[in-house]
Amino acid sequence: MIPLLGTLALASGLAASATGAVAWLRRPSGRGPALAAAGVLCSAVAAFLLLEWALITRDFAVAFVAEHGGRDVPLYYTVTGLWSAMEGSLLLWLVMLCGHAFAASRRLPATQDRPVTMVVIMVVCGCFFALTLFAANPFEAVPPPADGPGPDPLLRSHPFMGLHPPLLYLGYTGFCVPFAHGLAALVTGRAGREAAEVMRRWTLAAWVPLTAGVVLGAWWSYGVLGWGGYWEWDPVENASIIPWFTATALLHALMVRRRRGSLRAWTVALAVATFLLVLTGTFLTRSGVVASVHSFTRSSVGPVLLGVLVAVLVAACGLLVWGWDRLADGPHRRADRLPPLSRETFLLAAGALLVALAFTVLLGTLFPLLVQAVGGERVSVGPPYYDRMTVPLALALLTAMAVAPLTGWRGPGARAVARRLAGPAALAAAVVAALGFLADEPPVPLVSSGTAAFALAAVAVRLAGSVRHRGAAALLRAGGRRRLGGLLAHAGVALAAVAVTASAAHATTLQTRLRVGQTAQAAGYTVRLDGVDRERAGDEMSVAARVTVLRDGRAIDILRPSLVFYPSAGGSAVARPAVRTRLLTDLYLAVSEVDQEADEVVLRLAVNPLMALLWGAGTTVALGGLIALTGGPARREPSGWRGTARARIEEPVG
Amino acid sequence: MSGVRSVLAGRLAAVGLAVLIALSCAALWRSAQQEAAAPVRVQDVAASLRCPDCQTASAAESSSPLAQAMRAEIGRRLALGWSADRIRDYFQERYGPWILRSPPAEGLSLGAWALPVAVLAAGCLPLARRLRRARGAAATTGPTTPAPARHGDSTAERSQEPENATWQARGGARGRVRGAGWVAALLSLACGGGVLAAALAGGPSPSPPADPARDDARQPDAGGYLARGRALQAAGDAEQAVLAFEAAAALRPDDRAPRYLLGFALVKAGRAAEAVTLLRPLRARHPDDPDLLLVLGTAELTADPPAGRRTLARFLSLAPEGHPAVPEVRRLLEGNPR
Numbered sequence: 001m002i003p004l005l006g007t008l009a010l011a012s013g014l015a016a017s018a019t020g021a022v023a024w025l026r027r028p029s030g031r032g033p034a035l036a037a038a039g040v041l042c043s044a045v046a047a048f049l050l051l052e053w054a055l056i057t058r059d060f061a062v063a064f065v066a067e068h069g070g071r072d073v074p075l076y077y078t079v080t081g082l083w084s085a086m087e088g089s090l091l092l093w094l095v096m097l098c099g100h101a102f103a104a105s106r107r108l109p110a111t112q113d114r115p116v117t118m119v120v121i122m123v124v125c126g127c128f129f130a131l132t133l134f135a136a137n138p139f140e141a142v143p144p145p146a147d148g149p150g151p152d153p154l155l156r157s158h159p160f161m162g163l164h165p166p167l168l169y170l171g172y173t174g175f176c177v178p179f180a181h182g183l184a185a186l187v188t189g190r191a192g193r194e195a196a197e198v199m200r201r202w203t204l205a206a207w208v209p210l211t212a213g214v215v216l217g218a219w220w221s222y223g224v225l226g227w228g229g230y231w232e233w234d235p236v237e238n239a240s241i242i243p244w245f246t247a248t249a250l251l252h253a254l255m256v257r258r259r260r261g262s263l264r265a266w267t268v269a270l271a272v273a274t275f276l277l278v279l280t281g282t283f284l285t286r287s288g289v290v291a292s293v294h295s296f297t298r299s300s301v302g303p304v305l306l307g308v309l310v311a312v313l314v315a316a317c318g319l320l321v322w323g324w325d326r327l328a329d330g331p332h333r334r335a336d337r338l339p340p341l342s343r344e345t346f347l348l349a350a351g352a353l354l355v356a357l358a359f360t361v362l363l364g365t366l367f368p369l370l371v372q373a374v375g376g377e378r379v380s381v382g383p384p385y386y387d388r389m390t391v392p393l394a395l396a397l398l399t400a401m402a403v404a405p406l407t408g409w410r411g412p413g414a415r416a417v418a419r420r421l422a423g424p425a426a427l428a429a430a431v432v433a434a435l436g437f438l439a440d441e442p443p444v445p446l447v448s449s450g451t452a453a454f455a456l457a458a459v460a461v462r463l464a465g466s467v468r469h470r471g472a473a474a475l476l477r478a479g480g481r482r483r484l485g486g487l488l489a490h491a492g493v494a495l496a497a498v499a500v501t502a503s504a505a506h507a508t509t510l511q512t513r514l515r516v517g518q519t520a521q522a523a524g525y526t527v528r529l530d531g532v533d534r535e536r537a538g539d540e541m542s543v544a545a546r547v548t549v550l551r552d553g554r555a556i557d558i559l560r561p562s563l564v565f566y567p568s569a570g571g572s573a574v575a576r577p578a579v580r581t582r583l584l585t586d587l588y589l590a591v592s593e594v595d596q597e598a599d600e601v602v603l604r605l606a607v608n609p610l611m612a613l614l615w616g617a618g619t620t621v622a623l624g625g626l627i628a629l630t631g632g633p634a635r636r637e638p639s640g641w642r643g644t645a646r647a648r649i650e651e652p653v654g
Numbered sequence: 001m002s003g004v005r006s007v008l009a010g011r012l013a014a015v016g017l018a019v020l021i022a023l024s025c026a027a028l029w030r031s032a033q034q035e036a037a038a039p040v041r042v043q044d045v046a047a048s049l050r051c052p053d054c055q056t057a058s059a060a061e062s063s064s065p066l067a068q069a070m071r072a073e074i075g076r077r078l079a080l081g082w083s084a085d086r087i088r089d090y091f092q093e094r095y096g097p098w099i100l101r102s103p104p105a106e107g108l109s110l111g112a113w114a115l116p117v118a119v120l121a122a123g124c125l126p127l128a129r130r131l132r133r134a135r136g137a138a139a140t141t142g143p144t145t146p147a148p149a150r151h152g153d154s155t156a157e158r159s160q161e162p163e164n165a166t167w168q169a170r171g172g173a174r175g176r177v178r179g180a181g182w183v184a185a186l187l188s189l190a191c192g193g194g195v196l197a198a199a200l201a202g203g204p205s206p207s208p209p210a211d212p213a214r215d216d217a218r219q220p221d222a223g224g225y226l227a228r229g230r231a232l233q234a235a236g237d238a239e240q241a242v243l244a245f246e247a248a249a250a251l252r253p254d255d256r257a258p259r260y261l262l263g264f265a266l267v268k269a270g271r272a273a274e275a276v277t278l279l280r281p282l283r284a285r286h287p288d289d290p291d292l293l294l295v296l297g298t299a300e301l302t303a304d305p306p307a308g309r310r311t312l313a314r315f316l317s318l319a320p321e322g323h324p325a326v327p328e329v330r331r332l333l334e335g336n337p338r
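In the order they appear, the protein sequences are chains A and B. Using UniProt numbering, the first residue of the first sequence is number 1, and each one after it goes up by one. Using UniProt numbering, the first residue of the second sequence is number 1, and each one after it goes up by one.
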């Protein structure tokens, strides 16, 4: 029954997308288009719920459940099991995408470009319905097995599994709206400030969950992968950070566009590029063309997805070339003089840096493939490459981020800017001098800490200036929330820089073989292996090392890092690290080997500083975005704005 | 009086800032000197090299035998006074550029380093052009730069996008029709390109390739088994690893590598005799393959020690200069002189 209903839901989604596209093209003002958008969302939700139902009721006649469900899997991981494999995660993607499509159909202002925007969104929805239906249908009927293997072992050992993929997908699919809106601007030539405001809202609405998703992804990989770190420049991680860079560049370019009316073609190009990069990332990670620790799935979706990607790429690039002149800044704008110390200068520089960062990470991800394609020798691109290339760019970006809010749009003059920057510069110099002379830090962490201190102090100066100027209450009112959100996001980025610097420069790792009763020491902690416990619960077998943590000879904690086996899933054991998080340091323990008889384990021990700060900083960035999203009622109602207008043509974030 | 005081305070602050900045520069200089003088550590060199039998790990973090051998080799060469670069070159010669975790700055790989810089430069170009124009303007209009800037700003402010005007000025209906044709052509081109790409990439058919003889259709599975075997071995589950490597060996009958891995896994699982039976027939066909001799010798050392020592001695005589296992094997043989 469910196979039939599910396939029907997917087919009706495809039909509704096609109808919607035609309806938006023909009669955008009637009831038809709105109904079609609702139909698209209902189909996606129905398919999603049907598959969840099949998973929960363990209906093994459904192919996806037979391959990724299991009788003994706990309810939580049964539910999250839907997005633990290709076919199901496409359904999650569809729900999010169609949710955005429905919201766009309701909330986009009824201007000339709305029909074109909606047609593009409907076509994208249709593509993904077709992809799911024809190349990765999770609802195929199979002769039911007695039991299934359950989800991939790595994807059922951390509660973030229920948060990280949905947030990431919410962000990814959200960029469909700015993308479609950008294409509509190319077709209609309509790219004024109202349009910029619309694009900002939808970009920010996708940027917030993407930011949260990236942070949770790092957190998840820290808690699951067992090597003690949180970012490995793995293709899947890269696929999430590349669109984040371009989307951040887009948000800032949109500030310039709303304020000065320039950069129209550039913002449209960024909006289009962001969604294209999302699709590229999805293709790369879902097709298995690049080896990744996340390569959970390998399927025939790759070629079809590549087809969709190439089609969208050709269409978008063609439209960009065709419509560029129409959007390019007019001669009066091109001749516009840019005061060197104005905010626009720094926003443009930050944009260039963000795009260069995105390009570097994309190039690094694809480079082994590219070299192989032109017949070169096999090369690898690993963390040393990314560290070397991205750290200078990131430091320059931090500096631009610190300076830009302290300048004005019209360039307040070098003296005023210098006065505002004096405090941050003094703090940065003091930090560098103190760390250099007292802590003997190497040069790179020194420069990084100095830059982070500079950025942090600059945020404080800006905040103090705002409060002095307008009062603290003004920041909390709708009009000030954009500024407050922007400042929070900047503060989060600066704090994250502090945490990343500290954890990169001062992590202590140690891998050692311990017998019961033996101890190991790292960074002031002593750990003692007290025993090895074997347990069986449900369909999981685990071997846990009982480890007592001592500090100054006193036992302060007992940790139980373990290795987990799922016999029904086919045997490969996954580590389940134990982490003791404190404000300043994390103690991270993971078992990588357990001797069968002798009760001897290979223990990986890492002491990572400031990890709690990193997660807090990431959350602050996302929270800043959220606050900026709620900010700002319209000062004046632009015509054709629906409902309570949220456009505000005023001084933006920063 | 207060004016004088505030000027004094300002001067003092400026001097303080200058002192702080000078101090921070000194700190940076000192730390750069210290770093240059610090001895190169094995971990640093190993972190820049891949572990040859892992998926993504570096030679510094992996616990595989090959990575351990590499670390020993790096330590030995550092003790001989080799520089980090020379050691990297040495490993690159043996394994190819693939062993380096960041591509070498030569040949094709130069692109990985140069292209991002080019993109950044291209991104900064418009900015630089506009800044230069600003300076030019400042030079011609004299020192009153803020005024023209404000003027430009207010025109931008006022010219609040006559969007529909632009759209209509483009030729109204006629422009629209021409545009529609364009868009249609573009869309068909896009669809054609998409279908072509999908077809080239292996056809949009959701069913697995029907032709069982096609090698590439089966390769990934063998690769998957190999990866699983390695993971299991790393996790200490030698028995399961044996099963995975057996599957991989069966899928790639002409490839010797899975068999070697299987041999190692068998030895680790305490089934050395089986490894010997598996590998001896191979030696008849490839008597001079050092890797085969290494696995076989290790296996024989448990099952048949004299034969094992003979095989390992032969491995030593055939192993290429600097094979990572050589020091270990040499120590082993010297430890049991017979």
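Idealized CB from N, CA, C, for every residue including glycine.
| query | result |
| --- | --- |
| Backbone CA spacing between Arg310(B) and Ala36(B) [nearest angstrom] | 47 Å |
| 8 Å Cβ cutoff met for Arg259(A) and Trp409(A) | yes |
| Short Cβ contact (8 Å threshold) for Met86(A) with Val301(A) | yes |
| CB contact below 8 Å: Pro424(A) versus chain B | no |
| At least 3 beta-carbon pairs within less than 8 Å: the segment 72–88 of chain B vs the segment 314–322 of chain A | no |
| Chain B contacts made by the segment 445–463 of chain A, where a contact means CB separation under 8 Å | Leu446, Val447, Gly450 |
| Residues that Phe565(A) bridges to, as DSSP identifies them | Met541(A) |
| Inter-stretch contact at 8 Å, needing at least 3 Cβ pairs: the segment 512–523 of chain A / the segment 405–425 of chain A | no |
| Where Pro209(A) falls: helix, strand or coil (DSSP) | helix |
| Whether Phe64(A) touches Leu51(A) by CB criterion (8 Å) | yes |
| Three-state class that DSSP yields for Arg158(B) in the structure shown | Residue placement at Arg158(B) is flagged as unreliable, the pLDDT there being 37, under the threshold of 50; the coordinate-derived value follows with that caveat. Residue state, collapsed to three classes: helix. |
| Cβ neighbour criterion (16 or more within 10 Å) applied to Ser62(B) | buried |
| Span of the alpha helix (DSSP H) around Asn238(A) | 235–260 |
| Counterpart residues of Pro609(A) in DSSP-defined beta bridges | Thr585(A) |
| C-alpha distance - Glu540(A) paired with Val574(A), whole-angstrom precision | 11 Å |
| Gly228(A) - DSSP class collapsed to helix/strand/coil | coil |
| Option in Leu370(A), Trp231(A), Met1(A) with minimal Cα separation from Gly111(B) | Leu370(A) |
| Short-range partners of chain A found in the segment 30–53 of chain B, where Cβ spacing is below 9 Å | Arg30, Ser31, Ala32, Gln34, Glu35, Ala38, Ala47, Ser48, Arg50 |
| Bridge partner(s) assigned by DSSP for Asp557(A) | Val549(A) |
| Neighbour flag for Gly3(B) against chain A, beta carbons, 8 Å | no |
| Leu282(B) beta carbon less than 8 Å from that of Arg259(B) | yes |
| When Val256(A), Phe359(A), Leu626(A), Ser221(A) are compared against Leu277(A), the one with the closest alpha-carbon | Phe359(A) |
| Status (buried if at least 16 other CB within 10 Å, exposed otherwise) for Asp325(A) | exposed |
| Alpha-carbon to alpha-carbon, Gly538(A) and Thr132(A) | 32 Å |
| Of the listed residues Gly194(B), Trp29(B), Leu28(B), Leu78(B), nearest to residue 343(B) (C-alpha basis) | Residue 343(B) lies beyond the residue range present for chain B, which begins at 1 and ends at 338; the question has no answer from this structure. |
| Segment contact flag, the segment 597–607 of chain A with the segment 203–211 of chain A, C-beta cutoff 8 Å, min 3 pairs | no |
| Chain A contact for Ser109(B) (CB, 8 Å cutoff) | yes |
| CB contact below 8 Å: Val267(B) versus chain A | no |
| Nonlocal neighbours in the same chain, by C-beta distance under 7 Å from Val267(B), ignoring five residues either side | Ala275, Thr298, Ala299, Thr302 |
| Identity of the residue in Val549(A), Ala356(A), Ala494(A) nearest Gly524(A) by Cα | Val549(A) |
| Closest Cα partner of Leu583(A) within the set Leu614(A), Ala590(A), Asp59(A) | Leu614(A) |
| Own chain, CB closer than 6 Å to Gly6(A), minus 5 neighbours either side, in chain order | Ala47, Leu50, Phe139 |
| Segment limits, alpha helix (DSSP H) that includes Arg285(B) | 272–285 |
| Sheet register partners of residue 339(B) (DSSP bridge) | Outside the shown range of chain B (1 to 338) lies residue 339(B), about which nothing can therefore be said. |
| Interface flag, Val15(B) vs chain A, CB-CB below 8 Å | no |
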